[in-house]
Amino acid sequence: MKPLKFFIESGLVRQGSKDPGESKAMVARASKRLEYVKSQSITEDNASFLFEDIYEIMRECIHSLMAANGYKPYSHEATVAFLEEYYISYFGEKLVEAFNRYRIIRNNIMYRANSVSKYDTIKALDVAENFVKKTSELT
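Residue 0 in numbering that gives the first Met the number 0 is what sits at position 1 of the sequence shown, and the numbering runs on without skipping anything.
Next comes the structure, spelled out in structure tokens:
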């Protein structure tokens with residue numbers, strides 16, 4: 000993964016003012032999306048659709064943290080770079096690696112019509128719950 004500096008220099012992350020309001024709104028949105036996904040019955044037929052929402056939960060959490068630090072991302076890879084640079088010790092390598100893996104899986108679902116299993120979606124939901132919990136503690 001390229002460092003955050005690369006994404007800033009290439010314009011895929013913009014620096015600006017810290018925005019605590021946007022930060023709180025993004026984590027609130029992630030929490031609402033989490034509740035929605037948890038209310039669904041995950042099946043093999045809908046697992047890929049729900050996985051997309053689960054990935055969005057985690058992405059919204061990272062966007063929340065980026066807004067709190069004055070960054071605006073225009074790349075999904077940049078969110079991973081940000082997480083690695085600013086919050087690896089808080090989230091831990093396993094969660095950061097899981098998010099990056101889910102980013103790739105979500106991309107393959109969206110652009111290659113791949114699917115994901117019910118089991119993997121349930122595992123990802125656990126990770127997303129952890130993301131929301133940790134992000135809520137920081138905002």
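Just so it is clear, CB atoms sit at the ideal spot from N, CA and C, and this is done for glycine as well.
Inter-residue Cα distance where the pair is residue i and residue j
i	j	result
N45	Y70	34 Å
T78	R13	12 Å
L49	F98	15 Å
S114	N129	23 Å
S47	K117	8 Å
K122	E136	22 Å
N68	A24	14 Å
V126	S9	30 Å
K4	L124	30 Å
R102	I56	12 Å
M65	E43	34 Å
E84	D52	25 Å
F81	K132	18 Å
S74	R100	15 Å
Y86	R32	22 Å
I7	S88	22 Å
E96	R28	23 Å
Buried or exposed by the 16-neighbour rule on C-beta atoms within 10 Å, applied to residue i
i	result
Y54	buried
R111	exposed
M0	exposed
E59	buried
P72	buried
Assigned secondary structure, residue i (DSSP; H/G/I helix, E/B strand, else coil)
i	result
K37	helix
K1	coil
K132	helix
Y73	coil
8 Å contact criterion, which residue i and residue j should meet: CB distance rounded
i	j	result
I41	T120	5 Å
S63	S22	5 Å
Heavy atom of the ligand GTP within 8 Å of residue i beta-carbon
i	result
R102	The ligand GTP is not among the ligands present in this structure, which contains no ligands whatsoever.
Practice task
Specify whether the region 10-18 and the region 88-105 touch according to this definition: at least 3 beta carbon pairs, one from each stretch, less than 8 Å apart.
Solution key: no
Practice task
Please determine if the region 95-110 and the region 31-40 are in contact, where contact requires at least 3 C-beta pairs separated by less than 8 Å.
Solution key: Touching, no, given that fewer than three Cβ pairs across the two stretches are closer than 8 Å.
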